[in-house]
Structures are given as structure tokens and as C-alpha cells.
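Notes follow once the structure below has been shown.
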Amino acid sequence: MKNFNTTFRLTAVAAAMLAAYGSAFAEDDIKQLTEPDSSISVGAGYWSNDRPQQGIFDGMRDDHGYALIDADVVKRDDATGTWFKFKGDSLGLESRKISVEVQQQGNMGGFVNYSRIPRESPLEIRSGIRGVGSERITVSGSGANVLPFHDVDLATYRDLIHVGFSKNLLKDVDLKLSFKNEEKNGSRHWGMGSAALFVAEPIDSTTQQLDVTLEYTGEKLQLAGGYAGSWYNNKNDLVLASVRGVSNPRETSSAPNTTPLSLPLDNEAHQFFLNAGYSFTPSTRGTLKVSRSVATQDETIPSIGLTGVNAPFAGAPRKLDGEIVTSLVELGLSSRPTSKLSLNANLRYHDVDDNTPLFGFVGNNTTRVATVHNTPHSYETKSGKVEASYLLPERFKLIGGVDFKDQDRSAPKFHDERYVPFAESIEETTYRLQLRRSMSETVNGSVAFLHSVREGSVRALPHEPSTLRDGGSIYDAINPLHIADRTRNKWRMSLDWAPVEAFSMQFNVEDSRDDYQREDGRPFGLKDGQATLVSVDARYAFSDKWQITGWASHDVTSAEQLSGRWARNTSSSIPNMLKRADLEDQGDSVGLGLRGAVTSKLSIGADVQWTRTQSSYDEDTSAARTASEIPLADIESTLTRVSMFARYAIRKNADVQLDLIHERWKTDDWTWSFANGSNYVYGTTTDGTVVSNKPKQTANFIGARYIYKFQ
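All the letters of the sequence shown, read from the start, carry residue numbers -26 to -1, 1 to 685 under mature numbering (1 follows the signal peptide of the UniProt record, and there is no 0).
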């Protein structure tokens, strides 16, 4: 088990300290590892205001009291060498975690973990919708068909149970079993699809995963092989959404009609794998990874039984009979032929073979001619890397490497159903060069440069060019991001500085530049991109009892792209408007922390955090802007958080702690608003759902705990 192995390793380190420095130095460390402290914390806290944005992360969204309960219990039976561990985090909150583990050293062990992960939507929604959480949903109509409005709270909850068992079968052979069961329930933001109408997707699914591993650990040979299986079951498969008093969401009529909305279907996957490592010599080692998995989806398509205007295409199948077979083979070799030279090489073959039959799903029921088919997609990737490092004089180390990837991709069969070019082959090569130096016992640094080139070949084009009078295609002019030819140059620099024992600092800089070589016939898409990150972390100890920490980071990600706008039903590939956009995301964070002991019984601490994110959309169009066209404004969000605590030891094994937090979050995000700043409203003649968010959220927290410690 992971925690047990960590404890065992630390115990070995403590034993080494005892041998090197004597019992006076290591006795307390060894006692702490063999007889660790346990603790139980019970308390209560209160938030002064709702905090829907930050409450996403800690499970405390509303302005009321919360139970603060945590436990960390560790016991060891010296006679049998058996460890018992119980850990409970946030037991009084929705975001609770519980872990129980029993491990007998060198023999067997098991664990049971439970966690609940809530995800509540930060948006405020008022709607007349009915049936949220079910497969039949009714959207409010207009006039006499308007339904009374109410608050709609959307949230999902994931309950995960993970159990495991391990057993030493022979001297060098271990068996490990693991099973996970995750239940996901709730509702999340959705849409009708055929019109701008609000619908909530019902969530009620189960995901299960089973892992069986047999491990052999020899002096030179190590093996791990087994089986991994997963099963996904969705208790909902089809939502029937209707607008009250409307036959079609885009029309007005007296007879209601439904719109079917498909949900993810049941599927499963099974994998067999083998991992091996062999030490040919003390300085040369080889590794092997082999796996093969089959994923299937053969549930009956839920819309197959619909009638009337929602009846499926006559040629559509009852089942997709989806099957994807994935094969993986990976070889690795590492060697140190001399004390100064180290070599590493890796080859990887990854094949994803989509054996799903090709079917027509949309078409003319009279002629039985299909116009839309599914698109099975297979790809084969061959990749590898070679790396060498050499120890130079003056504490320098030079590291160089080459990574390559060659991918062959299948293209959809029906060209006239495709809307963007499709690369059938992509090649990418990355060259890496790094220089490290241990400048002294207190200063270490490194600088690295990476140069990457990606090229695609044999572009499969969509649509027949004869449909346009100038012999071109609108969609042929697009250069998709994920397959576009690209050159990337990236720099990395790091510096660690510890001039004295009381002070240390880490400094990092990364800068990446992308250049997309657009073809003459495909000018639309990204032109270039840039990403920069600068961060610094520092720690200073005034004394054994007082220390301060600080950190700051600045990151910028930007891209320039060109897009076009074509008139409806155009017969020319030439756009009637060009739009150039400079997109940029910027983040800045600063934090300070202070910890100290005022007296032998009283310790205090404080943290200050400030974070800002800003997104800008600088657009320029070739057409004259009308009065109704307003440029997109920047979006800026900031979080300021100040927290303090004080802990007082009322007894040797009992403490009380007081926590205070002030939190302020604000944003000018216009995503859920109209151009004039008003809240977004769904529909014009129907629905009327109003979506909004709180642009300013300020809240204060006070909490008190009683902490009991024992062994």
C-alpha cells in the first residue's frame, strides 16, 4: 500500500540517521514513525454570506453554519506488525472523504475509501421549466401557457467507493485487487439543440472499474501483469423535451410536440497488460509494456422507437455495435556506460482500431438514401525518444534528446459530409537541449531549449469544389488547430538558491512561441501563439519558532487568428468579411504566509492570497462596423483571501483553534448577459428563463475546533 511503503522507507532513513548521528538525534524521529500521533478534530464554522463561486471548491456555498470534523488515527500492533489507519476529512461537509486501511507488513492488507465530490453551479437560474432531473422536461410557453417561475439549483454529486486487497503469495510474488464504484447524480446546464431554450440534463449513472494485478519482484527481473475492466451504465438514455403549447420549438401552434435529446449510452472496456523490467547489468536496464483493450457500445439506440416527425431514418440501425480495439507496445532501454555518460531510449507503438460499422443515420425515408453517416476513426501512432546526458567539468551537465511522433489517421469515407480538411498523416519532431550546473553547495540552475516541428501531409478535402462558382470550397480554407503545421520554440530556466539554512528561493521561467505555417489555400485559423510563465517561491526562518513564506507568479497565453464570415447560401469561397483577433489570457498571483509560536502554548499563522485572471478579445474586421456591433470587452476576475488562525494548547494532548477568513471575489464576466449588460434570457416568444451570476461575492468565516491528540 502506498502509505505503508512510505512509512517503511522513512523508517529506514531514520535508522540510517541513528547509525550516523547517534541515538540522541534520531530517537524522536523513529518513535514518531513507529508510534505516530493520532488526532480527532471537532468544531463548527459559519460563513456570513453566500459564496457560489468559491463554494464550488470546498463544499461551503451558503451562508449558514457547518460542522468541522476531521480524524487521523494510526495504530500499530507490534506483535503482528499490523498497521491500522483511519482518516476522515471534512466529515461534516458534502465534500467528505473517509479512508480505512489495514496492512500487515510483508503479508497482506486491504483498504476501503469513500469520497463525495459535489459540483454546484455558481449560476442563478429562474425558470418555468418542469421535470428537472427526469427524462420528460417541459419548457414554459408564452401567454396562457406560461408556467410559474421558480429558482432552479443545478448540481452534480459523485459518490466513489474504492476497495482494495493485497496478498503476498510467495517470496517474490504479490497479488493486488482493486474495485471502484462511482455513482453520479444530479442535473447540469443543457440546451434544446433546435432552439435557444433552457433544458437541464439529468445525471444518473454508474461507473465501475476492476483491476487485478500479479507482481513478481526478482533481483534482476520485475513483472506486473493483469486485467483492467470498466463498465459505464446510464439509467437515463433519452430526454423528451417539449415546449408547453408549441408544436415545434421554432414555431407557434396549439398541439404540443417533443424534441428527443440523446444521452450517453452504456459501454464497457476490457484490457490485458504486461509490464516488465530487467537489469542486464548494474548500469543497464530494459523495460517492456504490452497491452490490448477492447471497448464496446452495443446498447439499443433509444430513439429507434420514436414515431411521427421524430421517427428515425428508415435505414438507421437499432444498435451502433461500436467497437474500438487498442494495442500498445513500448520498449525502453537505459544505460550508464561510463561514470559521466548516461543514455536513454524509448520506442512506442499505439494503435487505435475503430471497428464500428459504417451506418447512415439521417436520410430520406422515401428513397432510403442516407445523407449523414457516423465517422469511425482509427489512428496508428509510432513514437520514440533518445536522450543522452554527459557530466562536464566545473559541475556542468549537458542533456540532449530527440522525440519523434508519426501518426497515420483514417479519413471519413463520405467527403461531402465533412466540413474541414482532414490530415491523413502527421509527423512531429522535438529536439531538446538542457544545461545544468551545480554552481555551489547553495546555488543550482538549469536552462533548456526545445524546438518542435509538426507537419501534416495528404490532406483529405471536404465537399466537392464544383458546388462553388469559383471552384473552391468555404471549408477547404480552414486550417484546423490540431492538425495545422506548426513550429514551436520553448525555453525553460530554473534557479534554486539557499545561501543560508534559514533562507531558500526557487525561480522558474518558461517561454513558448508557436508559428503556424498556413498554406496559401487555407489562410483561416491560428497564425501564431505565445505562452510565458514566471514564478518565484521563497522561505525565510527568523528563528526556530518563526518563519515566513512567499510566492508570486505571472502567466500570459496569447494567440492571433484569422477567420472569415460568409453570406448565407453563398456560391463563392471568398468571404464577405475577414476578422482578425488577438486573444490573450493573463494570470497574476501573489501570496504570503506567516507561522510562529508566541509562547510555548500559543501558535499563530496568517495567509494572504491575491489572484487575478484577465481575458481580452481584440478583434478587427474588414467590414464597416454598424452601430449595433459592439467590440467584446475584456473579462477580469479577482480573488482576495486573508486567513488567520490561532492554536492554544490547553493540555499536553489537547488544543483549541480559532480560524478567521475574509474572502472577496469579483468579476465583470459578460458570458451570461446581453450587450447592454442585462441578464441573459432564453427564447423570445417562449421559455423566458433568466440566467445571472453575482459579480461581487464577499464573505467572512469564523470557525473553532477542539483537537484531541493521542497515540
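Cβ atoms here follow ideal geometry from the backbone N, Cα and C, with glycine treated the same way. Given the structure is predicted, the values throughout are model-derived calculations rather than measurements.
Which of the three DSSP states, helix, strand or coil, is assigned to residue 706?
Since the displayed the chain opens at -26 and closes at 685, residue 706 lies outside it and no answer follows.
If I'm right that Ala526 touches Val564 with Cβ under 8 Å, what's the distance once you round it to whole angstroms?
As a first step, residue 526 is located in the sequence shown; it is residue number 552 there, counting from the start. As a first step, residue 564 is located in the sequence shown; it is residue number 590 there, counting from the start. Ala526 to Val564, Cβ: 5 Å. Contact.
Within a Cβ cutoff of 6 Å, which residues of the same chain sit near Thr403, ignoring the five residues on either side of it in sequence?
Numbered from its first residue, the sequence shown carries residue 403 at position 429. Taken in chain order, the residues that qualify are Phe378, Val427.
Using DSSP's beta-bridge definition, name the partner residues of Ile604.
Here residue 604 refers to the residue found at position 630 of the sequence shown. DSSP lists no partner for Ile604.
What is the DSSP secondary structure of Glu391, counted as helix, strand or coil?
What you label residue 391 is simply residue 417 of the sequence shown in a count that begins at 1. Looking at Glu391 - three-state DSSP - the assignment turns out to be helix.
Compare the C-alpha of Thr315 against each of Glu361, Thr300, Phe333 and name the closest.
Within the sequence shown, numbered from 1, the residue matching residue 315 stands at position 341. It should be pointed out that residue 315 corresponds to Leu in this sequence rather than to Thr. Of Glu361, Thr300, Phe333, the residue nearest in Cα terms is Glu361.
Measuring only the C-alpha atoms, how far is residue 695 from Phe58?
Since the first and last residues shown for the chain are -26 and 685, residue 695 lies out of range.
According to DSSP, simplified to helix, strand and coil, what is Asn667?
By 1-based counting over the sequence shown, the position of residue 667 is 693. Looking at Asn667 - three-state DSSP - the assignment turns out to be coil, as it is neither helix nor strand.
Could you tell me which of Glu297, Trp205, Glu189, Ser301 sits nearest to Asn249, measuring between CA atoms?
Position 275 of the sequence shown holds residue 249. Looking at the Cα atoms, Glu189 is the closest of the given residues.
Can you tell me which of Leu365, Thr416, Ala580, Ser267 puts its alpha carbon nearest to the alpha carbon of Asp327?
In the sequence shown, counting from the first residue as 1, residue 327 sits at position 353. Selected option, being the one with the closest Cα: Ser267.
In or out: Ile103 buried (at least 16 other Cβ within 10 Å) or exposed?
Taking the sequence shown and counting its residues from 1, the one referred to as residue 103 is at position 129. Label assigned to Ile103: buried.
With a threshold of 6 Å on Cβ separation, who are the neighbours of Asn550 within its own chain once the five nearest residues in sequence on each side are excluded?
In the sequence shown, residue 550 corresponds to position 576, counting from 1. Answer for Asn550: Ala541, listed in chain order.
Who are the near neighbours of Glu109 in its chain, counting only those whose CB is closer than 7 Å to its CB and skipping five residues on each side?
By 1-based counting over the sequence shown, the position of residue 109 is 135. Once the five neighbours on either side are set aside, the close Cβ partners of Glu109 are Pro176, Asn210, Leu212, Val213, Leu214.
When DSSP labels each residue in this structure, what does Phe31 get in the three-state scheme?
Start at 1 with the first residue of the sequence shown, and residue 31 comes out as number 57. Three-state result, Phe31: helix.
Classify Asn453: buried if its beta carbon has 16 or more other beta carbons within 10 angstroms, exposed otherwise.
Looking up residue 453 in the sequence shown gives position 479. Looking at its Cβ environment, which holds 16 or more other Cβ atoms inside 10 Å, Asn453 is buried.
Is the beta carbon of Pro469 less than 8 Å from the beta carbon of Gly524?
For the purposes of this step, residue 469 is taken as the residue at position 495 of the sequence shown. For the purposes of this step, residue 524 is taken as the residue at position 550 of the sequence shown. Reading off the sequence, residue 469 comes out as Leu, not Pro. Not in contact: Leu469 and Gly524 (Cβ atoms no closer than 8 Å).
To which residues of the same chain is Met618 closer than 6 Å at the C-beta, ignoring the five residues directly before and after it?
Along the sequence shown, read from residue 1 onward, the residue named residue 618 stands at position 644. Excluding positions up to five away in sequence, the list reads Ala580, Leu634.
Just to check my reading of the structure: Ala174 and Val106 have Cβ atoms closer than 8 Å, yes? What is that Cβ distance to the nearest angstrom?
As a position in the sequence shown, residue 174 is number 200, starting the count at 1. As a position in the sequence shown, residue 106 is number 132, starting the count at 1. That belief holds up - the Cβ atoms of Ala174 and Val106 are roughly 4 Å apart, short of 8 Å.
Note down, one range per segment and in chain order, each beta strand (DSSP E) of at least 3 residues found wholly within the stretch 202 to 280.
Those beta strand (DSSP E) runs which fall completely within the stretch 202 to 280 and span 3+ residues are 212 to 217, 232 to 236, 241 to 255, 258 to 271.
May I ask which residues mark the beginning and end of the beta strand (DSSP E) holding Lys71?
One-based indexing of the sequence shown puts residue 71 at position 97. Unbroken beta strand (DSSP E) run through Lys71: 71 to 78.
Note down, in chain order, each residue of its chain lying with its Cβ closer than 7 Å to the Cβ of Pro669, except the 5 sequence neighbours on either side.
In the sequence shown, residue 669 corresponds to position 695, counting from 1. Same-chain partners within the cutoff: Lys640, Thr641, Asp642.
Counting only the same chain and skipping the five closest in sequence on each side, list residues whose C-beta sits under 6 Å from that of Arg539.
On the sequence shown, residue 539 is found 565 positions in, with the first residue counted as 1. Cβ within range, chain order: Pro549, Met551.
Among the candidates Thr340, Pro331, Tyr364, Gly430, whose CA atom is the shortest distance from the CA of Lys387?
Numbered from 1 along the sequence shown, position 413 holds the residue referred to as residue 387. Cα-wise, what sits closest to Lys387 is Pro331.
Tyr40 and Gly55 - do their beta-carbons sit closer together than 8 Å?
Locating residue 55 in the sequence shown gives position 81, counting from the first residue. Locating residue 40 in the sequence shown gives position 66, counting from the first residue. Their beta carbons are not under 8 Å apart, which means Gly55 does not touch Tyr40 by this criterion.
Quick check on Asn87: does DSSP put it in helix, strand or coil?
Position 113 of the sequence shown, counted from the first residue, corresponds to residue 87. Of the three classes helix, strand and coil, the one that applies to Asn87 here is strand, per DSSP.
Quick one: what's got a C-beta closer than 6 Å to Ser666's C-beta in the same chain, skipping five residues either side?
As a first step, residue 666 must be located in the sequence shown, where it is residue number 692. Contacts found: Glu98, Asn653.
Using the Cα positions of Arg625 and Ala571, report the straight-line distance between them to the nearest angstrom.
Position 651 of the sequence shown, counting from 1, holds the residue named residue 625. Position 597 of the sequence shown, counting from 1, holds the residue named residue 571. Spanning the two alpha carbons is a distance of roughly 16 Å.
Using a Cβ-Cβ cut-off of 8 Å (strictly less than) and excluding sequence neighbours within five positions of Lys683, which residues of its own chain qualify?
Here residue 683 is taken as the residue at index 709 of the sequence shown, counted from 1. Excluding residues within five positions, the ones whose Cβ falls inside 8 Å are Asp11, Ser12, Ser13, Asn627, Ala628, Asp629.
Closer than 8 Å is the cut-off here; do at least three beta carbon pairs connect the stretch 151 to 160 with the stretch 243 to 258?
With a cut-off of 8 Å, the stretch 243 to 258 and the stretch 151 to 160 do not count as touching, because too few Cβ pairs lie within range.
Taking a contact to mean a Cβ-Cβ separation below 8 Å, would you say Glu593 touches Ala649 in this structure?
Taking the sequence shown and counting its residues from 1, the one referred to as residue 593 is at position 619. Taking the sequence shown and counting its residues from 1, the one referred to as residue 649 is at position 675. Contact: no.
For the structure I just gave you, are there three or more beta carbon pairs, one from the stretch 267 to 283 and one from the stretch 231 to 240, closer than 8 Å?
Short answer: they touch.
Pick out whichever of Gly334, Ser301, Arg322, Leu302 has its Cα sitting closest to the Cα of Arg292.
Position 318 of the sequence shown, counted from the start, is the residue given in the question as residue 292. Of the listed residues, the one whose Cα sits closest to Arg292 is Gly334.
Any chance you could list the beta strand (DSSP E) runs of at least 3 consecutive residues sitting entirely within the stretch 467 to 553, in chain order?
As far as the stretch 467 to 553 is concerned, its whole beta strand (DSSP E) runs of at least 3 residues are 477 to 490, 499 to 515, 520 to 539.
Anyone know if the C-beta pair for Asp185 and Ala198 falls short of 8 Å?
Within the sequence shown, residue 185 is the residue found at index 211, counting from 1. Within the sequence shown, residue 198 is the residue found at index 224, counting from 1. No, they are not a contact pair.
Please list the terminal residues of the continuous beta strand (DSSP E) segment that includes Gly651.
Locating residue 651 in the sequence shown gives position 677, where the first residue counts as 1. Element bounds for Gly651: n/a, residue is neither H nor E.
Return helix, strand or coil for Val572, following the three-state DSSP convention.
Looking up residue 572 in the sequence shown gives position 598. The answer is coil: DSSP assigns Val572 none of H, G, I, E or B.
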